[in-house]
Amino acid sequence: MHETPLKMEIQRGLSNFTDGNLAENATHLLKLLGYESQRTLNRSSNTVKAFLEDFDTHRRMNRENTLLHEWQTVDFLFQLTADEIRQHTQETIIFHENRGVDETIYYSYLFLAIKLKADTYSRTALATITREINKLYTMPALLIFQHGRTLTFAIINRRPSQRDSDRDVLEKVTLIKDIDVVNPHRAHLDILAELSLDGLYQQHGFTNFLELHQAWQKTLDTSELNRRFFKEIADWYFWAVGKVAFPPDAGESVGAVSNRDVHNATCIIRLITRLIFVWFLKEQNLVPNVLFDETDIAELLTSVETQESTYYKAILQNLFFATLNQEMNTPEKPNTRKFRGEGRQHYNITSLYRYKRYFTDPDVALRLFETIPFLNGGLFECLDKPAPDDAKMILRVDGFSDREDNPLHVPNELFFSEPQAVNLNAVYDTKNSRYTVRGLIHILNRYKFTIAENTPIEEEVALDPELLGQVFENLLAAYNPETGTTARKQTGSFYTPREIVNYMVDESLIAYLKNAVCSRETIHCPSETKLRHLLSYNDEPHQFTDTEVEHLINAIDTLKILDPACGSGAFPMGILHKLVFLLGKLDPRNAQWRQRQIDRVEKTIATAEKIDDSVIRESTIDELEGEIESINEAFERNALDYGRKLYLIENCIYGVDIQPIATQIAKLRFFISLIVEQEVDNTRENRGVRPLPNLETKFVAANSLLDVEKPTQLLLRNPEIDTKEKALEEVRRRHFTARTPRTKDRYRNRDTELRAEISALLQSDGFPSETTEKIANWDPYDQNATADFFDPEWMFGITDGFDVVIGNPPYVRQEKIKALKPILKKRYTCYTGAADLYVYFYERGLQLLNANGTHTFICSNSWLDVNYGAPLQKYLLDNTAGAVICYSEAEREFESADINTIVSILYNGTPDADSHIRFLTFKTFIGDPNVENRRERMPTYPELAQAGMRDNRYTGDKWGGKYLRAPGIYWTILEKGKDKLVRLSDVAEVRRGFTTGANEFFYLDAERVQAWGIEDEFLKPIIKSPRECKSIRVDPSQLQFKLFMCHADKAALSGTAVLAYIEWGESQGYHRRPSCRVRTRWWDLGERQIPLLSFNYLISSTARTLYAQDGCYTSDNFQEIHTDSDLILPLCASLNSSLFQLMVNIAGRSNFGGGLLKIQTYEVSELLCLDPKTFAFENKEIFTSVAWEMLDPSDHRRALDAIIFDTLNLTQGERDGVYEAVVNLVESRLRKARSLKGK
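This is how it looks when you write it as structure tokens:
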């Protein structure tokens, strides 16, 4: 490994910490990084007591939270100011001491070092100490912790408090955690080197402490770390897909997936996720490093040739299927983990080791594997299964087989290759770019992993389990050869940023908890202020009474929440994190939470006691009493959060996705979140690790949009159905905690029997046979299958709806769902043929809610403004009790999506006259708590309905333009212009310019005209692009193209050049183009009135209405505007005014890409403008000679605006407001297009 001199010095500096004085070692290490100062305190002692006497006489720290009993020493190292930085760099860094608003905090740094007693501490414990110590100082304090043979660096973000100018708000703590001073990870050396003063300056060029702090934050930003990791993984993935082969009959076993390339890609994603999961286990010291060391592997295996598959087969497959999915050996069962027998002995028992012949000493391999605990959970179940109709035939997916004819090929070079150049230009649609890949094990070794997911208030500079979701969302199901796109683009999946997830989760839970607790007559409704305080990440005690706490815990315990397009689990994980946090505040010792779980089982015991059969009764009660023991064990033998997480996952959180591998990754993240809370104890069974639950009935692969058909009238339901359903619910509840393969098989078989019995009963009750067959055949335990329906009753046992439906529905354009449209049309009120897929998720999500449920989505904002959104708008007005819609002017929420999004929060219920939508526009990011950074509008449902009415029918309105983007001046203009503003369609007809269907034939430049000699009568001037016109006045001499217009048939054209041109067009196949072949004469565009006014379809900074004095045709990049001749110039004036610019920027949609504003014909027709009949106009030259540039301070333009403003009686302040609003709207749109994070 090549290391720079600085990294080598850092490594030597770290080794000093093995002995000696902490303060001296820390000061020396900081000096190596460029941070040194003589500004220190001559303290007589570095004891905890002395520290408190020196710095905390007013007891500002919460001394219990700071774990003072764990401190051995605490040293104040030094204060770093601008003088020291200039001195260190010999004035090469220009460093100022200017202090603006934020600079009041960042004018110096403090450095402290604390030695702790124990070897390991959680991220939360160290972050809490950091936060408490920073309460003592007016400038940031960076801490270095030493614990055992490791160091942790901790830095905090802080900002001035808006409520108390004398206090700072302490925000996120970022940690470089567990740096091994003896054998530091290369990733830690890289990070420390990047944080050196010289390194930061070279990369970021700071000039003051605020910028220095921002440079620290950018360097420690885990999103950048994740991007680098994903790039390496993506390159490896596309390389690997072309190198592997999986069993050929596996493709048929996955149903819809039959393409071999796509199947191989899916298997590679499964390999990546399994291996990364194992890497997290390695962080917990549950899997030995030797299994991933190339030197050790060479000794362990008989051969490691690059093109052989010995590593994947002998090491990884045995690790996945026969170790992590098999119970450990015990004195009672010493041979549980073993190699399968010869021949057909143990045939397809996939929990036994294979490939014995690949090991130099199989016994050594067994000893390596035997220390790894059994995990359960389904992730490592081998997917090779007997065929449903022929148990002797094995459907191979993983290919875990000793057979010589096993076609599985995953070569060793994919894991241990040194860097090599590969050609990925075809994959990335690039030319002559260079790509380098290395083995997957080498990639993983280059990064530091942490098993705890980061939160908004604490973050470790390492790869956390959330990256699994990010990797999945970006590689989803690999390459699709039909479309030439990655399946992420094909399915419209985009990973939702953590900050947005947190905001949506908070708003959903606030709505739910208010409803849930207020529904109890014995308690006053909790205030929203108290609930927000409870949900905020702070260390302050909650503000509720004991009775309120009891009801809140009950509400959490009974919560049912669904993500209908869960992807890799961003929202379910976000919900889990927040609920665990709430329980930690409300019930810090888990007394009430544990008792509620016990009460649930005791209620089941009471029911079991009524069973007539004494044998079954006693057996059932024994099992249930064992569950109570298991509950107590879960709480007593693990960290406090383990019991919270386990039972929240079991009872509250559900997910659906159409792709099985997506649900697998979501489950994997939940597994990791449980493992991190377990306390390893090598003296206990399975090393003290509680086997993971089975989540097959919590996350299912299904089509959320399609339900099953049920009888419309079912007066008397067979009571036996309810009995069977309760039995099925109980079977799945017990399967959740089943640990052994035998126990799981027993419950799964019973599940199959009950589904068949329920299916038969339902058919007898009048259910369609197609429905009953689907219910009977849906197997939640088949990890390869996707159900073509979703029904919460049959799949989750939920009959009354969910309390919260939350998610990020897939963004799939309507052109991609043609086959699905007939089905959607039958099922959805909001159907239109032009609607994108996410529209139906809105209606489906509301259907899945209970009567008081909350629906929270992030998705495209298009439905707020486009025609196809009208039915959805009306559906919401008819079927919800209120809503909140949030929009950010400043940034896009998705890195990889060139679309603008909104967050919508819908409250289920019956609307009334007071129902309203709260439209929130954030100047910064969605959820910014600073009220000064947002504006809001709250129109009522009746007002919204009235505004969207045309001819006594709701046809939609510009909700996004009017209520989210429109500034205050817009509403002032509406009020003052009541009798003077009209829709453009009231005074003109708007049509789309020519859509030829074959532009390369119909648009001829001068060279082609000359080459063909086409007669002038068949060539008409046309504006093809706005760039051809430098002024609003069209100059025909500047136009670059002629439009081919010929209405005659071929007989009439005999002997002409135009006929030869038409025949040439036919030889090129233009006559077969869809738009051409439907014409009587394919070359005849038809008669058309020549427009004098035209308006461009796509707008960058300025919208212009062009004026052609003699008329001029336009391409489909324009809208033609036709009006009475006496209104031409007055209308042109109105449409080129700043007022109309304002209307355009409010009504147009900037989801086209690059910040371009898109405005279609029907939208232009609806634009408001000053009625040209209401004002006189004298100076015609104002329209025909002024180059229209929005920011041009031309007297002519000002004069034009003055006519408009005078007509509306606008004050000078209001006139200035129009200009400011237009500039802000344009700049905001273009700036937002550039705001993709990391771009």
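Residue numbers (my numbering): 173 to 1411.
Just so it is clear, CB atoms sit at the ideal spot from N, CA and C, and this is done for glycine as well.
Spatial neighbours of L933 in its own chain (CB-CB distance under 7 Å, excluding positions within 5 residues in sequence) are listed in chain order as N890, E892, I893 and K896. Three or more Cβ pairs drawn from the region 1181-1189 and the region 1224-1232 lie within less than 8 Å of each other, which places the two stretches in contact.
With respect to G1017, H1027 sits close: the two C-beta atoms are nearer than 8 Å.
Rounded to whole angstroms, K998 and L878 show a C-alpha spacing of 11 Å. Counting only runs that start and end inside the region 1207-1286, the beta strand (DSSP E) elements of at least 3 residues fall at 1213-1216, 1265-1268 and 1277-1279. By the criterion of a C-beta distance shorter than 7 Å, K528 is surrounded in its chain by F511 and P534, once the five residues flanking it on both sides are discounted. Residue environment: V1250 is assigned as exposed (fewer than 16 neighbouring CB atoms within 10 Å of its CB, all protein chains considered). Cβ-Cβ separation between I803 and R766: approximately 7 Å, consistent with a contact (criterion under 8 Å). Taking the Cβ atoms as the reference, R526 lies roughly 11 Å from D556, outside the contact range of under 8 Å. By the 16-neighbour rule on beta-carbons within 10 angstroms, T467 is exposed.
DSSP places H1088 in the strand class (E or B) of the three-state scheme. A contact between stretches requires three or more CB pairs, one per stretch, nearer than 8 Å, and the region 841-851 fails this requirement with the region 788-808. Apart from the 5 residues on each side of it in sequence, V354 sits with its Cβ closer than 6 Å to the Cβ of R321 in its chain, given in chain order. With a contact defined as Cβ atoms closer than 8 Å, A959 and A873 qualify at about 7 Å.
Per DSSP, reduced to three states, the secondary structure at R1164 is strand.
The three-state secondary structure of M676, taken from DSSP, is helix. For Q836, the enclosing alpha helix (DSSP H) has its first and last residue at P832 to I847.
In this structure, Y1142 keeps its C-beta atom at 8 Å or more from the C-beta atom of F1094. DSSP places N597 in the uninterrupted alpha helix (DSSP H) bounded by N597 to Y600. Counted as a single uninterrupted DSSP element, the beta strand (DSSP E) harbouring S1060 occupies residues T1052 to S1060. Rounded to whole angstroms, L706 and I783 show a C-alpha spacing of 44 Å. Going by DSSP, L818 is part of the alpha helix (DSSP H) stretching over L812 to N823. DSSP places K454 inside the alpha helix (DSSP H), whose first and last residues are R432 to E455. With contact defined as three or more Cβ pairs closer than 8 Å, the region 832-841 and the region 757-774 are not in contact.
Secondary structure note for D735: its beta strand (DSSP E) is the uninterrupted segment I733 to D735. Counting only the Cα atoms, S1209 lies some 27 Å from G1237. Exclusion of the five residues before and after Q715 leaves K702, H705 and L706 as the residues of its chain whose Cβ lies within less than 8 Å of its Cβ.
Excluding its 5 nearest sequence neighbours in each direction, L463 has C-beta neighbours in its own chain below 7 Å: I487, L491 and L540, listed in chain order. Per DSSP, Y1142 is one residue of the alpha helix (DSSP H) stretching across G1140 to K1148. DSSP, reduced to helix, strand and coil, places E504 outside both helices and strands of the structure shown, so it counts as coil. Straight through space, the alpha carbons of N617 and K870 are spaced by roughly 33 Å.
Between the alpha carbons of E236 and S395 lies a gap of roughly 33 Å. Taking C-beta atoms as the reference points, R1401 and L1329 count as a pair closer than 8 Å. Annotated three-state conformation of W388 is helix, per DSSP.
Under DSSP, the beta-bridge partners assigned to I327 are T346. Close CB contacts of I970 within its chain, under the 7 Å cut and outside five residues either way in sequence, are with K732 and P964 (chain order).
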